[in-house]
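Numbering (the UniProt record's numbering), first residue to last: 1 to 95. The C-beta atom is built at its ideal place from N, Cα and C for all residues, glycine as well. All values reported here derive from a predicted model rather than from experimental measurement.
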């Protein structure tokens, strides 16, 4: 399946849905922003600035692994909570 709809949908419709393109672009932008924030945060926290070795040390690798896992877990929890708040707000607006 593509970002732009179901497989083969493009051939059936003759054109790509512009709304799906906009949503895919927005999703890519959000994912890129998340990736950059994780990279910056975990790099600052876990990687020594002396760069004496080409590869990560075992300690750095473990730190990066934990940092990314915590960042993603936190992001998932916050996103879920925000989604709940939006749904509750919409429910109360349409009562």
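Can the beta-carbon of residue 71 be found less than 8 Å from the beta-carbon of residue 46?
-> Contact: no.
Exposed or buried, residue 1, counting other C-beta atoms within 10 Å across all chains shown (16 or more means buried)?
-> Confidence is the limiting factor: at residue 1 the pLDDT is only 44, short of 50, which leaves the residue's position unreliable, though a coordinate-based value still follows. That one is exposed.
Please list, in chain order, all residues of the same chain as residue 85 whose beta carbon is under 6 Å from its beta carbon, the five residues on each side excluded.
-> Nothing meets the Cβ criterion.
If we count Cβ pairs, one from each stretch, closer than 8 Å, do we get three or more for the stretch 62-80 versus the stretch 29-43?
-> Judged by Cβ distances under 8 Å, the stretch 62-80 makes contact with the stretch 29-43, as three or more pairs qualify.
Whether residue 75 touches residue 28 by CB criterion (8 Å) = Not in contact: residue 75 and residue 28 (Cβ atoms no closer than 8 Å).
Reduced DSSP category for residue 43 - H, G, I as helix; E, B as strand; rest coil = Residue state, collapsed to three classes: helix.
Consult DSSP for residue 50 and reduce its assignment to one of helix, strand or coil.
-> Under the three-state reduction of DSSP output, residue 50 falls in the coil class, being neither helix nor strand.
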